[in-house]
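Before any comments, here is the structure.
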Amino acid sequence: MSKKIFLIILIAAVFFGVIGFFILLNQNQIPRIDFEESPSEGFQPFPDTRIPGEEGFVPTDGGLGNQGGAVPSRVSVQNTSVNDSRFFQVVDAPVAGFTSLIREEVVIDPPPVALVDSMVEYYNFFEFGTLRIGDTGEGVEALQIILNRLNPEQVLEVGGEFNTDTKNRVISFQTNNNLTPDGIVGRGTQAKLNEVQNIPTDPEEFEPVERIVKHPVIRFQSRANGIISDYNLNTQEVEQITDLVFAGVYESFFANGGNSFVSRYLSGESIQTYVGSILSNEEGFFFVEGEFFASNIPFVSISRDGLSFLYFEVLNRRSIGQVFDFVSGQSRQVFNSSFTEWLPQFNGTSLFTLTTRAASDILGYSYVYDADNVNSFEKGVGGLPGLTTNYNENATKVLYSINNGRFIESYVTDLRDGTTIRLGIATLAEKCVWEDLDIVLCAVPRTVLPAQYPEDWYQGSILFNDRIWEVNTQTGIERIVSSLSNENLSGSMDAFNLVLQNNILMFMNKHDLSLWALDLR
2 MSKKIFLIIL IAAVFFGVIG FFILLNQNQI PRIDFEESPS EGFQPFPDTR
52 IPGEEGFVPT DGGLGNQGGA VPSRVSVQNT SVNDSRFFQV VDAPVAGFTS
102 LIREEVVIDP PPVALVDSMV EYYNFFEFGT LRIGDTGEGV EALQIILNRL
152 NPEQVLEVGG EFNTDTKNRV ISFQTNNNLT PDGIVGRGTQ AKLNEVQNIP
202 TDPEEFEPVE RIVKHPVIRF QSRANGIISD YNLNTQEVEQ ITDLVFAGVY
252 ESFFANGGNS FVSRYLSGES IQTYVGSILS NEEGFFFVEG EFFASNIPFV
302 SISRDGLSFL YFEVLNRRSI GQVFDFVSGQ SRQVFNSSFT EWLPQFNGTS
352 LFTLTTRAAS DILGYSYVYD ADNVNSFEKG VGGLPGLTTN YNENATKVLY
402 SINNGRFIES YVTDLRDGTT IRLGIATLAE KCVWEDLDIV LCAVPRTVLP
452 AQYPEDWYQG SILFNDRIWE VNTQTGIERI VSSLSNENLS GSMDAFNLVL
502 QNNILMFMNK HDLSLWALDL R
């Protein structure tokens, strides 16, 4: 072999070796996803066409962009009557965020004393201890009263002094009741004296009974002053939990069983993010401890288990995704991309989805990513105008809405086999929440005017009047759960930010940012 050929082979080996090294290196790094163009800065969600079964309903044609043609709808609509007695307002003032939790309360019940005649005064002789000749006081006086009540023909002087006459009457009482006739009021005689009054003969039955009562509450943070309060669903009372935290809280998220929260507000032109814990002292009073995170974090998403949250920072024109663990108090980096317009949804410990910001005239894309597997960055749905998404817990199904002309259409895709169905309802994905892996609850507008969706709804130039629908994505059955009618609702209900916990569906009214709930128990 000539020296020239050997040199060429050597150079080629070095070149491909270096390329191979960087390929292996990148396989162990967090993916860096780059896009040539960014979607519009506009940010909004929802549908038109009337509710199926409603007068004037005209289904629009299917249009799935590059997904490939019209998609059949296999929806069975059930317009059943609903009872809205379970629909109620939690607070009429604007709120920043909320959650549902189960609070435990220690209740002390009085002893269950049963009297034949509640008008007759009784005496619990276990309270007085042993009584004998020479003793004085309240216990002796009670003894004399009961002995007189049992034998009114031989009346003792009620003076509170255990004298000879009192001892003789005690001996007589003990003899008649098969007790040791020693004239001393001990445990056995005390029990018998209680028995003749029809009150408990066991001292423990007079001890207060402590029991733990569990009751559901809705915990929320005021938008005006940041105060955190609890609404008791049983008593319908509001209890303030914390003092002022921050004035003008724009949005907040609760996690860790409602004991942790993330508050976000504007300070000047900067977005501030505060992560706090709600603690209690020995006296049962609540207080807050926490810390500030970096300024201008654009998006926050709480994990489904409530133990951590995903947040993005924009550093050097790159989007850096990090997960903060509420238990350990530590953050870890999970994502790195030059594309900065992501809308994240945190599904689990390491699983999250990323959707590009929605705009009616921009094609949107959505991806599923497992931070524990750097090669798992997979496309969910994409190439769709005005795309907004809502994935189920394990990201096997995605409910999404698109802009079809000046209207909205809603679809569900099973990512395991690619099956897509068009829903009979028309609503934005953000107005939905998954009840389980197959069933989703959505706030669906009764009527929607043509507009640029989702921007016009985001910006508030379009508002809706909703009902709550349940969609079974497995069977295709859709039914109305609530018409959201309530005597306290003076205007329309445009429900958003739906949260389902402990069988309580909570949401805010976009008209005034008040907090409402639907009890599904």
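Our numbering numbers the first residue of the sequence shown as 2 and each following residue consecutively. From the three backbone atoms N, C-alpha and C, an ideal C-beta is built for every residue, glycine too.
How about residue i and residue j: are their beta carbons less than 8 Å apart?
i, j, result
"residue 251", "residue 396", "no"
"residue 132", "residue 197", "no"
"residue 278", "residue 264", "no"
"residue 431", "residue 361", "no"
"residue 472", "residue 505", "no"
"residue 388", "residue 406", "no"
"residue 310", "residue 302", "yes"
"residue 340", "residue 332", "no"
"residue 380", "residue 474", "no"
"residue 293", "residue 266", "no"
"residue 169", "residue 159", "no"
"residue 234", "residue 126", "no"
"residue 134", "residue 163", "yes"
"residue 99", "residue 485", "no"
"residue 444", "residue 403", "no"
"residue 273", "residue 296", "yes"
"residue 184", "residue 172", "yes"
Count the other C-beta atoms from every protein chain shown that fall within 10 angstroms of the C-beta of residue i, then say buried if there are 16 or more, exposed otherwise.
i, result
"residue 165", "exposed"
"residue 413", "buried"
"residue 467", "buried"
"residue 481", "buried"
"residue 352", "buried"
"residue 393", "buried"
"residue 222", "buried"
"residue 210", "exposed"
"residue 417", "exposed"
"residue 411", "buried"
"residue 348", "buried"
"residue 140", "buried"
"residue 304", "buried"
"residue 191", "buried"
"residue 419", "exposed"
"residue 155", "exposed"
"residue 256", "buried"
I'd like the list of long-range same chain contacts for residue i, defined as Cβ closer than 8 Å, with 5 residues on each side in sequence excluded.
i, result
"residue 464", "458, 493, 495, 511 and 512"
"residue 377", "369, 370 and 371"
"residue 213", "105, 106, 107 and 108"
"residue 318", "339 and 341"
"residue 153", "none"
"residue 176", "182"
"residue 290", "277, 278 and 280"
Near residue i, what residues of its chain come up, given a Cβ to Cβ distance below 6 Å and the 5 sequence neighbours on each side ignored?
i, result
"residue 502", "101"
"residue 91", "219, 232, 516 and 518"
"residue 189", "180"
"residue 281", "287"
"residue 41", "Low confidence applies here, because residue 41 scores a pLDDT of 31, under 50, leaving its location unreliable and the question unanswered by this model."
"residue 522", "504"
"residue 306", "none"
"residue 1", "Nothing about residue 1 can be read from this structure; the chain reaches only from 2 to 522."
"residue 390", "356, 367, 399, 401 and 430"
"residue 253", "97, 98, 222, 262 and 264"
"residue 64", "For residue 64, the predicted model reports a pLDDT of 29, less than 50, meaning its position is unreliable and no value from the coordinates is stated."
"residue 249", "266"
"residue 315", "341"
At the 8 Å Cβ level, is residue i part of the contact set with chain D, yes or no?
i, result
"residue 441", "Among the chains in the structure shown there is no chain D, since it carries only a single protein chain."
What distance in whole Å lies between the Cβ atoms of residue j and residue i, which are believed to be in contact at a cut-off of 8 Å?
i, j, result
"residue 167", "residue 144", "7 Å"
"residue 356", "residue 367", "4 Å"
"residue 335", "residue 308", "Not quite, the Cβ-Cβ distance comes to about 15 Å (not below 8 Å), so this is no contact."
"residue 298", "residue 312", "5 Å"
"residue 434", "residue 424", "No, residue 434 and residue 424 are not in contact; Cβ-Cβ is about 15 Å, not under 8 Å."
"residue 300", "residue 344", "7 Å"
Can you find the residues in the same chain that come closer than 7 Å, C-beta to C-beta, to residue i, ignoring five residues on each side of it along the sequence?
i, result
"residue 241", "228 and 230"
"residue 498", "508 and 509"
"residue 217", "101, 103, 234, 503 and 505"
"residue 271", "296 and 297"
Taking only runs of the beta strand (DSSP E) that begin and end inside the region 456 to 503, which ones reach a length of at least 3 residues, in chain order? Fully enclosed beta strand (DSSP E) runs of 3 or longer: 467 to 473, 478 to 483 and 496 to 502.
What are the start and end residues of each continuous alpha helix (DSSP H) run of 4 or more residues lying completely inside the region 148 to 234, in chain order? DSSP assignment within the region 148 to 234 yields the following whole alpha helix (DSSP H) runs of 4 residues or more, N-terminal first: 165 to 177 and 188 to 196.
If we require 3 or more residues per run, which beta strand (DSSP E) segments fall completely within the region 271 to 304? Runs found: 271 to 281, 287 to 293 and 301 to 303.
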